[in-house]
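Comments concern the structure below.
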Amino acid sequence: MAFPLVPSYVADSIFDLTPGALRAKGIRLVLADLDNTLVSYEDALPSPAVRLWKEALEGAGLSLYVVSNSRKSRRCPDFCAALGVPCVRHAGKPGRAGFRRALREAGVKPQEAVMVGDQIFTDVLGANRAGVASILVKPIAIGKNPLRAARYAAETPFRLAGKRKDTL
Numbered sequence: 203m204a205f206p207l208v209p210s211y212v213a214d215s216i217f218d219l220t221p222g223a224l225r226a227k228g229i230r231l232v233l234a235d236l237d238n239t240l241v242s243y244e245d246a247l248p249s250p251a252v253r254l255w256k257e258a259l260e261g262a263g264l265s266l267y268v269v270s271n272s273r274k275s276r277r278c279p280d281f282c283a284a285l286g287v288p289c290v291r292h293a294g295k296p297g298r299a300g301f302r303r304a305l306r307e308a309g310v311k312p313q314e315a316v317m318v319g320d321q322i323f324t325d326v327l328g329a330n331r332a333g334v335a336s337i338l339v340k341p342i343a344i345g346k347n348p349l350r351a352a353r354y355a356a357e358t359p360f361r362l363a364g365k366r367k368d369t370l
């Protein structure tokens, strides 16, 4: 296994991930982080662009499944209900359990899935530990939280190492 903090691929956003290209690589399931990956921390519902992306995934025969560490009681379930996708909340990333649960419920093997997230130390590390290809995207917004900005800065070497990779 490659170094677990290096993503399999780096993209600017979820919208750079074309469903046809993912499907051509044998991907059937897209696992995605919620906060700062699909939506900013401030937004409660999926944007029209996220809805269209999800529909494009489905049109290519792919499923979307949210795997989130969010501790807010209704945030993840309400967002996912509005989008029409299942979720694992309180996933415990970078632990493997949340990933394994999503894979099991979706009936998909790890090599048939990708995890899309904005954080190295939760999304990428957890996906890599679970045997799922990891795709790191830029955070939607760093916001006013100085700890979040520091964490993203600490991830820079791993983001750069992943950027050199051009395939899943």
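So the sequence shown is residues 203 to 370, counted in this note's numbering.
Idealized CB from N, CA, C, for every residue including glycine.
In three-state DSSP terms, what is residue i?
i: V326; result: helix
i: Y243; result: coil
i: A234; result: strand
i: R276; result: coil
i: K256; result: helix
i: I216; result: helix
i: L285; result: helix
Using a threshold of 7 Å, state whether the C-beta atoms of residue i and residue j are closer than that.
i: C278; j: L219; result: no
i: V310; j: L233; result: no
i: L207; j: F301; result: no
i: G364; j: L327; result: no
i: P221; j: L264; result: yes
i: P288; j: D320; result: no
The beta strand (DSSP E) that contains residue i, what's its start and end?
i: G319; result: 315 to 319
i: A213; result: 211 to 213
Since residue i sits in a beta bridge, which residues does DSSP pair it with?
i: V290; result: V269
i: S336; result: M317
What are the boundary residues of the alpha helix (DSSP H) that residue i is part of?
i: E357; result: Per DSSP, E357 belongs to no alpha helix (DSSP H) and is neither H nor E.
i: L305; result: 299 to 308
Among the candidates the options, whose CA atom is the shortest distance from the CA of residue i?
i: A213; options: S336, G261, A356, Y354; result: S336
i: L291; options: S272, S249, S242; result: Note that residue 291 corresponds to Arg in the displayed sequence, not to Leu. Taking only the C-alpha atoms, the option nearest R291 is S272.
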